[in-house]
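First residue of the sequence shown: 1, per UniProt numbering; consecutive thereafter. All C-beta atoms in this analysis are idealised placements derived from N, C-alpha and C, irrespective of residue type, glycine included. Please read these numbers as outputs of a predicted model, since none were measured by experiment.
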Amino acid sequence: MGASLLRMHFHDCFVTASFYGCDGSVLLDDTPSFRGEKTAGPNDNSLRGFEVIDAVKSQMESLCPGVVSCADIVAVAARDSVVALGGPTWAVQLGRKDSTTADYAAANTDLPSPFMDLPALISSFSDKGFTSKQLVALSGAHTIGHATCRVFRDRIHRNASSDIDASFADSLKSGCPPLAGSNDTTLSPLDAASPGFFDNAYFTNLIANQGLLHSDQQLFGGASTDAHVVDYAKRPRAFLADFAAAMVKMGSLGVITGTDGEVRANCRKING
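Given below as structure tokens:
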């Protein structure tokens with residue numbers, strides 16, 4: 001669940017079209033008069049870990065009701081997940097308030113796609129204030145977690161593709177056949193070398209043309225970000241330090257600290 005909780009934090013923070021980001025908006029359920037972000041394309045039947053956040057919130061409300069926001073819980077859970085899987089720690093800034101709304105449309109447009117080319121990725125992260133080096137560092141989160149067949153099917157079955165190792169592609173084809181709709185939900189690790197451990201293997205995979213997603217491999221292969229990938233492959237400590245720093249920066253995107261927000265008693269619905 002660690003990779004899913006890290007991803008939840010990212011999907012919460014990066015949706016900033018309504019001027020808020022790390023605000024717990026991704027946790028809100030739909031109501032008859034309100035459509036949340038859970039069913040947006042990047043999240044629907046994909047984002048996991050809501051029950052974990054619910055469990056933490058329930059305990060926090062028993063200990064100190066109305067104090068710890070859902071947005072802060074998501075941020076801390078992401079950090080603790082990385083630490084539990086062998087990655088770096090960082091000081092999570094606290095004091096976020098929870099939003100009283102969500103943005104379904106922004107969730108469909110703000111989150112980077114696994115099908116993006118490098119210029120679009122750089123633009124997506126630049127819009128949030130990140131450099132291309134920080135884009136590469138944050139992409140290193142794909143050293144843990146899995147992806148479904150439907151998001152890498154085209155990559156492994158395109159005969160003309162020259163940016164994927166042939167044996168790597170062949171190893172995935174039996175579990176992810178070319179016909180759309182077939183085995184769509186079959187999972188493969190984003191980092192087959194060490195899928196359950198937070199390390200720098202993601203970058204050595206890219207150098208070997210073994211990035212699972214198109215957007216992953218775009219970071220290496222004659223690209224402007226090649227040098228950062230090579231650096232992180234050679235210097236794991238540099239990657240871990242830069243990843244931690246980038247996570248602190250990401251955790252400050254669109255934070256609500258004033259009266260525009262609240263501390264929800266139930267992370268799935270606004271108070272009252």
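Is the CB-CB distance between leucine 212 and leucine 190 below 8 angstroms? Position 212 of the sequence shown, counted from the first residue, corresponds to residue 212. Position 190 of the sequence shown, counted from the first residue, corresponds to residue 190. In contact: leucine 212 and leucine 190 (Cβ atoms closer than 8 angstroms).
*Nearest candidate by alpha-carbon position, reference leucine 240, set Val136, Cys267 and Gln59*: Reading the sequence shown from its first residue, position 240 is the one you call residue 240. Of the candidates Val136, Cys267 and Gln59, the one whose C-alpha sits nearest the C-alpha of leucine 240 is Val136.
According to DSSP, is serine 69 part of a helix, a strand, or is it coil?
Taking the sequence shown and counting its residues from 1, the one referred to as residue 69 is at position 69. Reduced to three states, the DSSP call for serine 69 is coil.
- prompt: So which of Phe168, Asn108 and Leu187 has the shortest CA-CA distance to isoleucine 144?
  reply: Reading the sequence shown from its first residue, position 144 is the one you call residue 144. Of the listed residues, the one whose Cα sits closest to isoleucine 144 is Leu187.
Taking Cβ to Cβ, would you say leucine 94 is nearer than 8 angstroms to aspartate 72?
-> What you label residue 94 is simply residue 94 of the sequence shown in a count that begins at 1. What you label residue 72 is simply residue 72 of the sequence shown in a count that begins at 1. Yes, they are a contact pair.
- [ ] Rank Ser171, Phe168 and Ser132 by C-alpha distance to the C-alpha of phenylalanine 243 and give the top, closest one.
- [x] Counting from 1 along the sequence shown, the entry for residue 243 is found at position 243. Among Ser171, Phe168 and Ser132, the Cα nearest to that of phenylalanine 243 is on Ser132.
> Do you know how far the Cα of glutamine 217 is from the Cα of valine 229?
Replying inline: For the purposes of this step, residue 229 is taken as residue 229 along the sequence shown, with counting starting at 1. For the purposes of this step, residue 217 is taken as residue 217 along the sequence shown, with counting starting at 1. Near 10 angstroms, if we compare the C-alpha coordinates of glutamine 217 and valine 229.
Cα-Cα separation, serine 69 to serine 58
Taking the first residue of the sequence shown as position 1, residue 69 is located at position 69. Taking the first residue of the sequence shown as position 1, residue 58 is located at position 58. Roughly 11 angstroms between the two C-alpha positions.
ask   = Alpha carbon to alpha carbon, what distance is there between alanine 265 and aspartate 165?
value = For the purposes of this step, residue 165 is taken as the residue at position 165 of the sequence shown. For the purposes of this step, residue 265 is taken as the residue at position 265 of the sequence shown. Distance between the alpha carbons of aspartate 165 and alanine 265 is about 49 angstroms.
(message) What does the alpha-carbon distance come out to for the pair methionine 116 and glycine 140?
(response) On the sequence shown, residue 116 is found 116 positions in, with the first residue counted as 1. On the sequence shown, residue 140 is found 140 positions in, with the first residue counted as 1. Going from the Cα of methionine 116 to the Cα of glycine 140 covers about 16 angstroms.
Beta-ladder partner(s) of lysine 97, from DSSP
For the purposes of this step, residue 97 is taken as residue 97 along the sequence shown, with counting starting at 1. Paired residues: Ile256.
May I have the straight-line CA-CA distance separating alanine 246 from isoleucine 122, to the nearest angstrom? Locating residue 246 in the sequence shown gives position 246, counting from the first residue. Locating residue 122 in the sequence shown gives position 122, counting from the first residue. Computed Cα separation, rounded: 15 angstroms.
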